[in-house]
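Laid out in structure tokens, this is it:
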């Protein structure tokens with residue numbers, strides 16, 4: 001379930017990326033004015049999931065088939081929520097590595113069984129043959145922004161709104177640019193630090209981008225994190241530049257420059273993560 005203090009990495013695909021039935025559905029969805037804005041989306045998702053699960057959490061309910069919509073160069077792009085599969089995956093993930101007594105208390109076995117069935121069906125061979133490779137269009141991170149996400153963007157692609165009623169900070173770019181940047185970053189990291197956790201994280205992001213249509217748009221949305229940060233902090237946020245500086249330093253063999261940029265970036269986002277523990 002989406003957190004109030006979360007950031008989001010989204011991919012908006014053109015209608016041609018979907019099968020004929022889905023194209024018709026999304027056209028009707030937009031025509032009827034049902035699309036939800038990113039500012040309201042996380043709250044709507046959270047409410048829908050909690051209300052649908054009910055008090056006992058004994059079933060995995062059907063959830064509204066909704067999406068974020070973006071128009072770019074007269075092209076309609078859609079970022080489906082895929083709430084049912086995301087809830088199923090979250091339920092299974094919550095049980096991983098946890099003693100069964102605790103796991104059953106948080107995610108009852110009945111719900112876990114239904115979640116496994118939904119995930120297996122989502123990725124089954126028959127479904128892939130009929131609908132194509134399944135893909136989730138939105139990733140969520142709570143209490144921060146994963147550093148690997150900044151690799152995909154440049155500072156010029158930032159959009160900052162400080163109006164009190166609709167504060168937001170987001171980056172948007174063409175997926176072709178995001179793919180090139182992740183590929184360059186991966187090459188630099190492999191040569192300089194090898195198969196380190198950061199290399200694996202960037203590789204994971206690069207693989208995820210390959211799942212989508214080549215005319216897609218990628219978006220990094222600070223989401224609810226803007227509630228934790230002042231206008232001055234948001235305006236001065238140069239996280240994408242620090243990532244670029246660090247990668248440039250590594251590519252030139254200037255370890256000190258890379259380390260300084262990395263330390264500044266980690267310290268900045270650690271301060272945000274520590275707010276989770278504040279009472």
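In the UniProt record's numbering, the protein residues as written are 1 to 279.
Glycine included, each C-beta is placed from N, C-alpha and C at the ideal position.
Shown here, residue 72 sits in a strand according to DSSP, grouped into three states. Residue 266 carries a helical assignment under DSSP once its states are collapsed to helix, strand and coil. CA-CA distance, residue 182 to residue 111, rounds to 37 Å. DSSP places residue 211 outside any beta strand (DSSP E), giving it a letter other than H or E. Residue 46 has its alpha-carbon roughly 22 Å from the corresponding atom of residue 113. DSSP links residue 140 through a beta bridge to 8. At a Cβ-Cβ threshold of 8 Å, residue 240 and residue 176 do not count as neighbours. Linking residue 250 to residue 242 through their CA atoms gives a straight-line distance of about 12 Å. If you ignore the 5 residues before and after residue 21, its C-beta comes within less than 7 Å of no other C-beta in its own chain. Residue state for residue 174 is assigned as strand, using DSSP reduced to three classes.
Bounds of any alpha helix (DSSP H) do not take in residue 219; it lies within the beta strand (DSSP E) bounded by 217 to 221.
Among the bridge pairs identified by DSSP, residue 80 is matched with 67.
Of all C-beta pairs linking the region 143 to 152 to the region 197 to 212, three or more are shorter than 8 Å, placing the two stretches in contact. For residue 161, the enclosing beta strand (DSSP E) starts and ends at 158 to 161. Taking each of 195, 221, 104 in turn and checking the Cα distance to residue 42, the smallest one comes out for 221.
Its Cα nearest to that of residue 83, the residue 115 stands out among 199, 246, 115. If you look at residue 42, you'll find it in the alpha helix (DSSP H) that goes 41 to 53. According to DSSP, residue pairing for residue 14 in a beta bridge involves 77. With a cut-off of 8 Å on Cβ pairs, the region 22 to 29 is not in contact with the region 85 to 94, counting fewer than three such pairs. Look at residue 169 here: in three-state DSSP terms it is strand. When rounded, the separation of the alpha-carbon atoms in residue 118 and residue 48 is 18 Å. In the structure shown, the three-state DSSP call for residue 202 is helix.
For residue 232, the three-state secondary structure derived from DSSP is helix. Residue environment analysis places residue 256 among the exposed positions, since fewer than 16 neighbouring C-beta atoms fall within 10 angstroms of its C-beta. Bounds of the alpha helix (DSSP H) holding residue 241 are 239 to 251.
Annotation: residue 172 to residue 11 spans about 10 Å, alpha carbon to alpha carbon. Between residue 137 and residue 214, the C-beta spacing is not below 8 Å.
In the three-state reduction of the DSSP assignment, residue 180 falls in the helix class. Around the C-beta of residue 16, fewer than 16 other C-beta atoms lie within 10 Å, and the residue is accordingly described as exposed.
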